[in-house]
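Quick note: the sequence shown uses full-length UniProt numbering, first residue 1, plus one each step.
Please read the structure below before turning to the comments.
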Amino acid sequence: MFKNPVPITSLNISSTSTDFPKAKPHGLRRSLILRSLIDIFRYEGPKALFKGLVPTLVGVMPTRGIYFCAYHNGQLFFEKYFQPGSSFVYLCAAGIGSITASSLTNPIWFIKTRLQLDSRPGHTPITVSQVIRNTWKQDGLRGFYRGVSASYFGSLETALNFVVYENFKSELLWREHKRKRQLTLNNSVPISEQSVYSSDNDYLPQKASDFRGSSGGSKLSASKDMILCMIASACSKAIAITALYPHEVARTRLREETGQYRGFFRTLHLVGKEEGLSGLYRGMATHYIRQVPNSCIMIGTYEFVVFLLQSWDLTKDIKV
Numbered sequence: 001m002f003k004n005p006v007p008i009t010s011l012n013i014s015s016t017s018t019d020f021p022k023a024k025p026h027g028l029r030r031s032l033i034l035r036s037l038i039d040i041f042r043y044e045g046p047k048a049l050f051k052g053l054v055p056t057l058v059g060v061m062p063t064r065g066i067y068f069c070a071y072h073n074g075q076l077f078f079e080k081y082f083q084p085g086s087s088f089v090y091l092c093a094a095g096i097g098s099i100t101a102s103s104l105t106n107p108i109w110f111i112k113t114r115l116q117l118d119s120r121p122g123h124t125p126i127t128v129s130q131v132i133r134n135t136w137k138q139d140g141l142r143g144f145y146r147g148v149s150a151s152y153f154g155s156l157e158t159a160l161n162f163v164v165y166e167n168f169k170s171e172l173l174w175r176e177h178k179r180k181r182q183l184t185l186n187n188s189v190p191i192s193e194q195s196v197y198s199s200d201n202d203y204l205p206q207k208a209s210d211f212r213g214s215s216g217g218s219k220l221s222a223s224k225d226m227i228l229c230m231i232a233s234a235c236s237k238a239i240a241i242t243a244l245y246p247h248e249v250a251r252t253r254l255r256e257e258t259g260q261y262r263g264f265f266r267t268l269h270l271v272g273k274e275e276g277l278s279g280l281y282r283g284m285a286t287h288y289i290r291q292v293p294n295s296c297i298m299i300g301t302y303e304f305v306v307f308l309l310q311s312w313d314l315t316k317d318i319k320v
């Protein structure tokens, strides 16, 4: 809720539909992010910084729930056909999770984007019902899935993110596990830092790759291991964004009301031709600010919840 102005700024930078009057520079040259925030506040008012908040709140829970459910079950499925713990398993599972979530929730994010791109100083802001009515009238059901092709391509970013994340996480947790084990052997580890792994636990890590994935239960041995997961998530998300950010620009352009852009690859080609390489990376800085902390919180919470459920013996008879 409190970071809602960040995605609005990112969308306005990566979009072509927003055209604020240019203010005269005062003193030091303002950054593009700050200038965009000031322009939105000045010409549309403070309420404009929270456009699209309702669809965001409505869409976050089901999107994340669908994604992690598909991701977890995807691991179980692909481990039957490929080597358990391999990067290919997480690549496929994350891709399936992202495609499933995008297919089921794209209309919500389409509406959110339309609300956030509505920048008409002096006019009454467009409402959710107006977006739904206008879209249905112009394009029918298909209109609510504009930009879904870019979201499907964006599943590569999600897949890359989780492949890198699982590798980073496994290395960090393995190093921490070895440290605790060494302290245990030296009889100097406090009770609070002893591992939860015991002789009656089916899961006994023997190598770094044993800490990958969520199949087999939580890979955390203490609640503070969540911090390591968050660090791994921050690094992996930054790498994934850098590698595949242009799809975000394409998705935003495809959802613009002007209808100028049609087709994912055609949009990428047109943006690259008219605006150059910089056009394909417009808004990436604000995307970092929004997505990296969001990924840390999301992954950390997910790993911690799985850890708590297992530590409370609530996962013995439950199959996610």
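Glycine residues also receive a C-beta, built at the ideal position from the N, C-alpha and C atoms.
Practice prompt. Assuming M284 contacts I241 (C-beta within less than 8 Å), just tell me the rounded distance between them.
Written response: Translated into positions along the sequence shown, residue 284 becomes position 284. Translated into positions along the sequence shown, residue 241 becomes position 241. M284 to I241, Cβ: 7 Å. Contact.
Discussion item. My assumption, with CB atoms under 8 Å, is that T127 sits in contact with G59. Please give the rounded CB distance.
Written reply: If you number the sequence shown from 1, residue 127 lands on position 127. If you number the sequence shown from 1, residue 59 lands on position 59. That belief does not hold up - the Cβ atoms of T127 and G59 are roughly 17 Å apart, past 8 Å.
Worksheet item: If you draw a straight line from the alpha carbon of F265 to that of E176, how long is it in whole angstroms?
Response: Against the sequence shown, residue 265 aligns to sequence position 265. Against the sequence shown, residue 176 aligns to sequence position 176. Straight-line measurement puts the Cα of E176 at about 44 Å from the Cα of F265.
Practice prompt. Take R255 and list the residues in its own chain whose beta-carbon comes closer than 8 Å to its own, dropping the five residues that flank it on each side.
Written response: Taking the first residue of the sequence shown as 1, we reach residue 255 at position 255. Once the five neighbours on either side are set aside, the close Cβ partners of R255 are F110, T113, R114, L117, R146, G147.
Discussion item. Quick check on residue 321: buried or exposed, where buried means 16 or more other Cβ atoms within 10 Å of its Cβ?
Written reply: Here the chain has residues from 1 to 320 only, and residue 321 is not among them.
Worksheet item: How many angstroms separate the CA atom of M226 from the CA atom of A234?
Response: Here residue 226 corresponds to residue number 226 of the sequence shown, with the count starting at 1. Here residue 234 corresponds to residue number 234 of the sequence shown, with the count starting at 1. About 12 Å.
Fill in: Assigned exposure category for L141 - 16 Cβ within 10 Å defines buried
Taking the first residue of the sequence shown as 1, we reach residue 141 at position 141. Exposed, since its Cβ has fewer than 16 Cβ neighbours within 10 Å.
Worksheet item: Of the residues A238, S151, T135, K180, which one's Cα is nearest the Cα of F168?
Response: Taking the sequence shown and counting its residues from 1, one reaches residue 168 at position 168. The shortest C-alpha separation from F168 is found at A238.
Discussion item. In whole angstroms, give me the CA-to-CA distance for F88 and F78.
Written reply: Here residue 88 refers to the residue found at position 88 of the sequence shown. Here residue 78 refers to the residue found at position 78 of the sequence shown. Roughly 9 Å separates the two Cα atoms.
Worksheet item: What did DSSP end up calling W312 once you bin it into helix, strand or coil?
Response: Within the sequence shown, the letter at position 312 stands for residue 312. The three-state reading of DSSP puts W312 in coil, since its state is none of H, G, I, E or B.
Item to complete: Determine the direct distance from the alpha carbon of S170 to that of P107, and round the result to whole angstroms.
Response: What you label residue 107 is simply residue 107 of the sequence shown in a count that begins at 1. What you label residue 170 is simply residue 170 of the sequence shown in a count that begins at 1. Taking the straight line from one Cα to the other gives about 36 Å.
Discussion item. My output table needs one value for V186: the three-state DSSP class, helix, strand or coil.
Written reply: Residue numbering aside, residue 186 sits at position 186 when the sequence shown is read from its first letter. Per the sequence shown, the amino acid found at residue 186 is Asn instead of Val. Coil, per DSSP.
Practice prompt. Please name the residue, chosen from K219, Y281, Q291, that lies closest to L308 on a Cα-to-Cα basis.
Written response: In the sequence shown, residue 308 corresponds to position 308, counting from 1. Checked all of K219, Y281, Q291; the closest Cα to L308 is K219.
Worksheet item: Is K180 helix, strand or coil by DSSP?
Response: Locating residue 180 in the sequence shown gives position 180, where the first residue counts as 1. Three-state result, K180: helix.
Worksheet entry | Range covered by the alpha helix (DSSP H) that runs through E248 | By 1-based counting over the sequence shown, the position of residue 248 is 248. According to the DSSP assignment, E248 belongs to the alpha helix (DSSP H) that extends over 246-254.
Item to complete: Kindly indicate which residue of R253, K178, S98 has the alpha-carbon position closest to the one of V271.
Response: On the sequence shown, position 271 is the one that residue 271 refers to. Comparing Cα positions, the closest option is R253.
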